Every structure is written in C-alpha cells, then in structure tokens.
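Participant: Below is the structure I would like to discuss, written out as structure tokens.
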Ligand SMILES: [Ca+2]
Ligand SMILES: [Ca+2]
Ligand SMILES: [Ca+2]
C-alpha cells in the first residue's frame, strides 16, 4: 500500500467512529463501490442492452431490459467476508419523467437468490422514498421500511440522493440541500449477511416495479457519509462520487435541443386552410383575419384579429451557451473594466491597464467590435467608474501608484462632446486607490474611493466626496475607516441608501469584517458587519422582491499573533446574503466555492437571472474556470457554464443591438475577451 493510500484509509478510519469503537471489520474496501459500472462489467451484461440517453446536459442509462440482465452477485462487492457494512451511504443520480400514483419503482435491491428475500433496497413512489432492509438473524426477523415523505423525485429533473446510514440514524440528502434524518428504534444491523444474494439494479428481481427513469449514478460507499465528500457542489443535481466512464463523455446533442427545435411549429394548427405567414410582420386587416404569423427570429406566434396581431405564443430568450466573440490584445495586463453607453455616440469599454505607457485604453464599439478610441496615462490603474451629473458625463480613475512627480492622485475625466474624448477634470489625492463608486441620493451626487493602504498601513480612511454644484468640484463629505479597502458598492432598497465596503486585509489577517453602512440624516452610519475573507468585491442584485448581496472572497490568510497555524488558502467559499426584511439584516443565503474570487457580475437573459464569478487563482495556477450560475429558485444559484479564464479580474455584461455579451479582463495576461451569449 502506498503511503498516500495508507493516509487515505487512516483518514476514513478516523472519520468513522463506529469502526474505532465497535471494531467492525470491513468486508469491502472503504472506497466507493460503483454498482452501475459493476453491473455492466458482469459477464453477459453489455451496454447494448440498455439505452444511453442524454438529457439536460447529462447522460444516463434507461434500463429497459429484463431484470436478470442487470444484476451481479453480492460477492463482487463484499469479497473479504459476507457482511454488509453497518455504516454506509448510497449515492444515486436519476431523472424520472413521471410516475403514476400508487406505483412503486425500485432503484436497486439486494435479493437472496434462493428465498428471493429483499435484504436491502431503495424504492420510491409518487411522493415517498422507502429504504428497506432485513436481517433475519439480527432484527427479530422483521423487515424494516424507513419512509421519507414529501419527496418529489418524478419531476423530470436530474436529482442526486445520498442516503446515509449510521447506527440509529438514516438521513437523506437531495441535491446537496439540507439532510432529512429519521431515527430508528434499533440501529441498522451490525452484521447483515449477504451470503447467496445478488444486487439488482433498477428492480427487485421482478418485472413489476421496474425503474422507468434514467440512472446516472449508483454507488455504495462503505464506512462513511458521502455528503461531506460531494457537497457543497457546483452542480448539486449532478453531484458525483463515481459514474461509469461512458456517461462522462461530453454532451453532443441534447433531448432538450430537439424539443426546442420543434418549437413553436408543434403548436401550429393542423387545418389545411389555416394560413401562416413567416418573416417580417405582415399587415393585419379584415382580410388577414384568423391568419397566423410567425416572427422570423422565432420570437413568437401571432394571430390576426382583424385589427392587430395578438400574441399566441411568445418565446422568451434563454441562454443556450457562450461563444468566444472578440479577443482584444491589451496594452498590458488589465485590472478593472468598465462598460458604458453615451447616448447618441455608442458603447465604450475603458480598461485599467497595469503599465503607465501607453497607459490605459478606452475602446469604442464599432461594427460589432471594440476598437481603440483614446489612451490615458495612468499609474497602475485599478478601476474606472462611469457616472453622469445631468448631461455631463464623467469617468473616475483609481490610480494605485504615484505619478512621475511623486504625487499619488486619482483623476476624474469629463467627456468633451466636441472633441469626442475624455479630458482631465479634477485630481483627487488617494492612497493606493482600488475602486471608485458613484451614486446619487436625493439629487446629490457622491463619489466614494476605496483607499487600500498608505505605505504598509492598511488601516486608513476611505473617503466619500460630494459634488458641489457651485464650484463644480467634488469635496470631502465623510471619511470612513477601512482595512485594505478593495471595493465600494452602493445600493438602495425603497427609500434607504446603503454603501458596503470590501475590507481585504488589516496587516495580519484577511479574516476581517466588511461593513454595510446606511445613509441616515446626511451621513453613512454602520448598519451591519459581515465576516469576509480577503473580500475584493460586493455585488448587489434584486430578484423580484428579494434583495441580495454577494461577496467575492479572494484569500483566507492569517498569520495571527499567538496562533501557531498559518492559514493560506485561495479555494474558499464566497457567500450570497439575502436581506431579511422583517429582521432588517442580511443573512447567509448560499455559499459558493470559489478560487480566489475577485469579482461578481449579475446579469439577466430573458426571464433568467445569472451571476458570473471571476475566479483568478487556485493556489498554484491562474488558469482556472470562471463560472456562470443560474438562479433556480429554491435551489439558489446553480453552476451552468464553466469558462476557462486566466488570471480573470473583472466581468462586465452588456447589450448592444447585435446581442448580449460578457467581457472579462485578465490581471495576468494582456488579453481581454468578449464572449457572446447565444440564446435559444
Ligand atoms: Ca465597486
Ligand atoms: Ca462586481
Ligand atoms: Ca465587474
């Protein structure tokens, strides 16, 4: 046994109390036993007896054959002795379109070949999941049925179940959400004898109760609860411990896309005299009465009522996939990225580039591409913020370093419509400025700068400036103590205005509080403090009547005085908080595992809500995936697209007449990328 394997086994042993206390001897290896793979590697069982189906971006098996084909002797799993583990978990990923009421279907069973007794198994019905087991010798000869109620599996979605058994406890976790536990009167038998039994996948050795859905994963993990291994998970519905190799291949063409291709033609009436017009919007008068028109861009089906076209079916745009659109070679590595629109002029992207020469660059969108429009001399530029005061258009630049004259200044530029360029307007003394935020309260315009540090001191003031309309300049309005401030985010909820700061580092630790402030009277006052880990960005967003704040945690680092441990981790959770309106406090809504997250961007496509995270570093490499998450209601945000990025620094979403786009900057290579959101 290699040293590494030994360590793994020891870890598993030390995690599993029952093993230490009751000296249980494992009859199996303490590793995942992939029963789905096992059934196909048994003699006589081949893949051509089942159908592999791809659905919702993942593959599974449809087990439409005779039960005997999908079985194998239990000895293939329990080769050291014949006892079923007393502590274990079973991991199943499945997709069930629907199930008639009162019908039961078996996911798997362990059946004695001679007496046909079900020793152990899992079956489900319309709204229940039953875990069955029987130990003739050790459970007074009584079969036990543990029932989880209100479990709606047959909704045609992928689901991953973890059923974990330990002593008196049977718990069920669905899609990595909160486990439901049932406590047994007596513990699970310590020596369930598997002699002479077989495992049946998708049945109980009979045709009745055969599993009708798709199965993607069926794993027995002896000795521990798999929940801690596979959860939390970026794709909780498809959380994976072990699946057959053949199911891992990349999706080619999904069932869903076929469904979409049929739409909306499937909805068309069949009558021969029904006239349907395709293309541009035709006239709708008496003579076109009762005729149909399909919008060429497949946006919908319309019916003429003799006066105007009435919407019959309207097709909401949905995000399908993301496509590389423009690779922009930048003058140097880019920190912040700001995209804005000047009415009557067009879309612009302004980049905070690292090098002073030729400095930072403003790009203008023309002919569907970003092209260089203007250069700015900047000093380790970190971020730009676009804002307007009346008809005046401004850009605030955060410079991180001193200029050639040794002055540390951040600059406000103003758009000159005649020259079609931004010109320097006001200089403001800043301290390793990281970010500007601009906002308006009751008609007053404010700017807040995130001062990161002065020399080696990170505990300094950040400053809020207010526009003085008489002088036409920004003046100091309030100072707020910050610790390695990285980002300000302004938001308002009803009549209330808030500012939240991302505090990154206090000199010894990144595990520090970031603070939310509320504007009362004429100043910002503390509202709530939230523990953050190298916080680098806050993003506020709203979904219907719910208000959220998400933090990008970049680094868990602590050289804390008195503690021996040095914490230094980049792969950490970033957290979404939701405002509890009655409690007037933001509470944790969802943790998402991120890789030195430095930015979150919220955007919408059609009726769907998305978040994209800038993952920048995994502790050894800058080549990490950034991830798009889609809002899925009760499940929260679920990962839907993984985008390879390199030193990703900032994401921005924007729309032009040619579609919806995402753009990101890289702090580690001189390339920025524009990605197109392809919709259905
Ligand atoms: Ca900001
Ligand atoms: Ca952001
Ligand atoms: Ca951003």
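Residue numbers (this note's numbering): 7 to 686. Just so it is clear, CB atoms sit at the ideal spot from N, CA and C, and this is done for glycine as well. Bear in mind that the values here come from a model prediction, so they are computed numbers and not experimental data.
#1: Quick check: is any heavy atom of ligand 1 less than 7 Å from the C-beta of residue 299?
#2: Mind listing, in chain order, the continuous beta strand (DSSP E) runs of no fewer than 3 residues lying wholly within the segment 415-487?
#3: Below 7 Å, is the gap between the Cβ of residue 675 and the nearest heavy atom of ligand 1?
#4: CB-CB under 6 Å to residue 629, same chain, minus the five flanking residues each way: which ones, in chain order?
#5: Using a Cβ cut-off of 8 Å (strictly closer), state whether residue 651 contacts chain B.
#6: Under three-state DSSP, which class holds residue 68?
#7: Relative to the alpha-carbon of residue 481, which residue among 453, 588, 253 and 507 has its alpha-carbon at the smallest distance?
#8: Work out the CA separation of residue 490 and residue 513 for me, nearest whole Å.
#9: I'd like to confirm the pairing. Which residues does DSSP put opposite residue 400 in its beta bridges?
#10: If you draw a straight line from the C-alpha of residue 683 to the C-alpha of residue 605, how long is it?
#11: Please report how far the alpha carbon of residue 401 lies from the alpha carbon of residue 419, in whole angstroms.
#12: Could you give the distance in angstroms between the alpha-carbon of residue 423 and the alpha-carbon of residue 372?
#13: Please report the distance separating the alpha-carbon of residue 728 from that of residue 317.
#14: Could you please give the first and the last residue of the uninterrupted alpha helix (DSSP H) stretch that includes residue 46?
#15: Starting from residue 128, follow the beta strand (DSSP E) in both directions and report where the run begins and ends.
#16: Quick one: what's residue 504 bridged to in DSSP?
#17: Is the beta carbon of residue 325 less than 8 Å from the beta carbon of residue 41?
#18: Specify whether the segment 241-252 and the segment 150-157 touch according to this definition: at least 3 beta carbon pairs, one from each stretch, less than 8 Å apart.
#19: Could you tell me if the beta carbon of residue 606 falls within a distance shorter than 7 Å of some heavy atom in ligand 2?
#20: Under 7 Å from any heavy atom of ligand 3, does the C-beta of residue 442 make it?
#21: In its own chain, which residues sit with a C-beta less than 7 Å from the C-beta of residue 549, not counting the 5 before and 5 after it?
#22: Is residue 584 near ligand 2, in the sense that its beta carbon is under 7 Å from a heavy atom of that ligand?
#23: Rounded to whole angstroms, what's the CA-CA distance from residue 120 to residue 205? Just pull it up for me.
#24: Going by C-alpha distance, which of 223, 543, 390 and 332 is nearest residue 44?
#25: Three-state secondary structure (DSSP) at residue 242?
#26: Residue 658: beta carbon under 7 Å from a heavy atom of ligand 1?
#27: Rounded to a whole number of angstroms, what is the C-alpha to C-alpha distance between residue 167 and residue 195?
#28: Figure out for me which residue from 61, 62, 94 and 161 has the closest Cα to the Cα of residue 106.
#29: Using 8 Å for Cβ pairs, my map puts residue 678 next to residue 357. What's the rounded Cβ distance?
#30: Can you grab the Cα-Cα spacing for the pair residue 28 / residue 187, in whole Å?
#31: Assign residue 261 to one of two classes, buried (16 or more other C-beta atoms within 10 Å of its C-beta) or exposed (fewer than that).
#32: Please tell me whether residue 184 and residue 175 are closer than 8 Å, where the distance is taken between their beta carbons.
#33: For residue 234, which of helix, strand or coil comes out of DSSP?
#34: Please report the straight-line C-alpha distance between residue 215 and residue 111, rounded to a whole angstrom.
#35: Would you say the beta carbon of residue 407 is closer than 7 Å to some non-hydrogen atom of ligand 1?
Facilitator: By the coordinates alone:
#1: Flag unset: Cβ of residue 299 not near ligand 1.
#2: Counting only runs of 3 or more, we get 415-422, 427-435, 439-447, 450-457 and 465-474.
#3: Not so, every heavy atom of ligand 1 lies at least 7 Å from the Cβ.
#4: Contacts found: 652.
#5: Of the protein chains in the structure, only one exists, and it is not chain B.
#6: In the structure shown, residue 68 falls within a strand segment according to DSSP collapsed to helix, strand and coil.
#7: Residue 453 is the option with its Cα nearest to residue 481.
#8: Their Cα atoms are separated by approximately 8 Å.
#9: Paired residues: 393 and 420.
#10: Here the alpha carbons of residue 605 and residue 683 stand approximately 19 Å from one another.
#11: Residue 401 and residue 419 have their alpha carbons spaced roughly 5 Å apart.
#12: Straight-line Cα distance between these residues: approximately 18 Å.
#13: Since the first residue of the chain shown is 7 and the last is 686, residue 728 is not available in this structure.
#14: Note, residue 46: alpha helix (DSSP H), 41-47.
#15: Per DSSP, residue 128 belongs to the beta strand (DSSP E) from 124-130.
#16: In the DSSP assignment, residue 504 forms a beta bridge with 497 and 524.
#17: Not in contact: residue 325 and residue 41 (Cβ atoms no closer than 8 Å).
#18: Taking a contact to require three or more Cβ pairs closer than 8 Å, the segment 241-252 and the segment 150-157 do not qualify as touching.
#19: At least one heavy atom of ligand 2 sits closer than 7 Å to the Cβ of residue 606.
#20: No, the Cβ of residue 442 stays beyond 7 Å of every heavy atom of ligand 3.
#21: Excluding five sequence positions before and after residue 549, the CB atoms of its chain that fall closer than 7 Å to its own CB belong to 615 and 637, given in chain order.
#22: Every heavy atom of ligand 2 is 7 Å or more from the Cβ of residue 584, so no.
#23: Residue 120 and residue 205: Cα-Cα distance of roughly 14 Å.
#24: Answer by Cα proximity: 223.
#25: Under the three-state reduction of DSSP, residue 242 is assigned to helix.
#26: Judged by the Cβ position, residue 658 fails to qualify as a neighbour of ligand 1 at the 7 Å threshold, every heavy atom of the ligand being at least this far.
#27: Computed Cα separation, rounded: 22 Å.
#28: Residue 161 is the option with its Cα nearest to residue 106.
#29: Rounded, the Cβ-Cβ distance is 7 Å, consistent with contact.
#30: Its pLDDT being 40, under 50, residue 28 is placed unreliably in this model, and the value from its coordinates should be taken loosely. Computed Cα separation, rounded: 23 Å.
#31: Here residue 261 scores only 37 on pLDDT, less than 50, and its place in the model should not be relied on; the value that follows carries that caveat. Looking at its Cβ environment, which holds fewer than 16 other Cβ atoms inside 10 Å, residue 261 is exposed.
#32: 8 Å or more divides the Cβ of residue 184 from the Cβ of residue 175.
#33: Three-state DSSP puts residue 234 in a helix.
#34: If I take the Cα positions, the gap works out to 4 Å.
#35: False, no ligand heavy atom lies under 7 Å from that Cβ.
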